[in-house]
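Colleague: Attaching a single structure in structure tokens format; questions to follow.
Okay, structure coming up:
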């Protein structure tokens, strides 16, 4: 019998960088007794992203952030929108270069992530923020 | 009782830049009497994108487009595929760097966008185009 | 009557570049007798992407790969995580700049792709790999 469930997860980031949420998401699926279906995540902000990336070596997350920091430098003189700080417009660009939506099939109660995949909120601002992630499940 | 609905939205762009479609999408959900569920948008083109971004200060959209214009310059000599104009291959690259699919949970009849989020078609060609967006809703 | 189906597709890549999977995906939908609904694809890896791009001129795919090769150079000295080879961290960055999830409405048994759109696995490593793509369908 198909059914759906939804939830909002609040993630407290500690400033720029990747914050893993895989366990929170898996726990919520377990509480819903989700077996087979489709899980959707949507981050309700424009200066942070959702990302699926390697969960093994933390250097990978450090290097990702270093690359994006060089590609989209803070305080770039190309921007007109500068009132909210030197990292605000770069945060919008980093969000546009990545994504705020994820869609994951669920199999035997778990999202079908690969062995090395984790789900992350990528904070693009230097300051800590509370980030809201809408979760939706449809299935059995 | 779960059900689904689909539609095609035609968006007339006025050349390179972001064109908001949030109201069209919300209106369609209202017409479907959608309450709780999942909304999917798919743009059927390879030289424009779908983007969720800030809907407040228009300078943010201007700056996004300025950054992408510098990152992916028109007329770049790296390209072989140049017959369709100096902005054609850059449009494909900008599309690859962003996305053509969005998935949004729907709650109380509305997509769960954040306060500052709007849904945009990002036209990457300089000329105006008609862009087709497939909409799909599943839920109650 | 709404129902769902899932599958895992294994794609053998031949090294860096785009590998089309549109036919495999369409065939699977046909086998499921899918008519109207939602198709989700998830690539279970962190050094390859899923991409919807032009299926006409092969130069477009060559140019996309050339642009990304210059934007995210192999052997970049910015990286700390280098043990798995000069193309490993660039593969993670290229994955972050693109996506590993796609969501496509299905209409009359086919994904609602535009005329020039194909579905690709984008291998970012130089060596050939087996890449697993989870497929999920919900609908009628």
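Residue numbers (my numbering), protein chains in the order written: chain A, 154 to 293; chain B, 154 to 293; chain C, 154 to 293. Where a beta carbon is used, it is the ideal one built from N, C-alpha and C, also for glycine.
#1: Do residue 181 of chain C and residue 257 of chain C have their beta-carbon atoms positioned less than 8 Å apart in this structure?
#2: Give the C-beta separation of residue 203 of chain B and residue 171 of chain B to the nearest angstrom, bearing in mind that I take them to be a contact with Cβ-Cβ under 8 Å.
#3: The stretch 217-230 of chain A: which residues have C-beta closer than 7 Å to a C-beta of chain B, in chain order?
#4: What are the partner residues of residue 237 of chain C, as DSSP defines its beta bridges?
#5: Of the residues that make up the stretch 192-205 of chain B, which ones have a beta carbon closer than 7 Å to any beta carbon in chain C?
#6: Give the DSSP-derived three-state secondary structure of residue 179 of chain A in the structure shown.
#7: With 16 as the cutoff for other CB atoms within 10 Å, does residue 200 of chain A come out buried or exposed?
#8: Using a beta-carbon distance below 8 Å, is residue 190 of chain A in contact with chain C?
#9: Hey, does residue 166 of chain B have any beta-carbon neighbour from chain C nearer than 8 Å?
#10: Between residue 209 of chain A and the ligand ATP, is the CB less than 7 Å from at least one heavy atom?
#11: Would you tell me roughly how many angstroms separate the C-alpha atoms of residue 169 of chain C and residue 230 of chain C, rounded to the nearest one?
#12: Output the distance between the C-alpha atoms of residue 260 of chain A and residue 194 of chain C, rounded to the nearest integer angstrom.
#13: As a quick exercise: from B/196, B/272, B/219 and B/224, pick the residue whose alpha carbon is nearest that of residue 265 of chain C.
#14: With the cut-off set at 8 Å, would you say residue 286 of chain A and residue 162 of chain A are in Cβ contact?
#15: Can you have a look at residue 187 of chain A and say buried or exposed, based on whether 16 or more other CB atoms are within 10 angstroms of its CB?
#16: Ends of the beta strand (DSSP E) at residue 258 of chain C?
#17: Check this for me: beta carbons of residue 217 of chain B and residue 245 of chain A, under 8 Å apart or not?
#18: How long is the line joining the alpha carbons of residue 274 of chain B and residue 164 of chain B, rounded to whole angstroms?
#19: Buried or exposed for residue 206 of chain A, going by 16 or more other Cβ atoms inside 10 Å?
#20: Give the secondary structure of residue 270 of chain A by DSSP, where H, G and I count as helix, E and B as strand, and everything else as coil.
#21: Starting from residue 288 of chain A, trace the beta strand (DSSP E) in both directions and tell me its first and last residue.
#22: Which full runs of the alpha helix (DSSP H) of 4+ residues lie inside the stretch 195-242 of chain C, going along the chain?
Modeller: In short:
#1: At least 8 Å separates the beta-carbon of residue 257 of chain C from that of residue 181 of chain C.
#2: Separation of the CB atoms of residue 203 of chain B and residue 171 of chain B is rounded to 10 Å, and the pair is thereby denied contact status at 8 Å.
#3: none
#4: Bridge partners of residue 237 of chain C: none, in fact.
#5: 193, 195, 197, 198 and 199
#6: Secondary structure at residue 179 of chain A: helix, using DSSP grouped into helix, strand and coil.
#7: buried
#8: yes
#9: Chain C, which has no Cβ nearer than 8 Å to the Cβ of residue 166 of chain B, makes this no.
#10: This structure does not include the ligand ATP; it has no bound ligands of any sort.
#11: So the alpha carbons of these two residues sit roughly 21 Å apart.
#12: 13 Å
#13: Cα-wise, what sits closest to residue 265 of chain C is B/196.
#14: Closer than 8 Å, so yes.
#15: buried
#16: 254-260
#17: Yes.
#18: 8 Å
#19: buried
#20: strand
#21: 283-292
#22: 211-224
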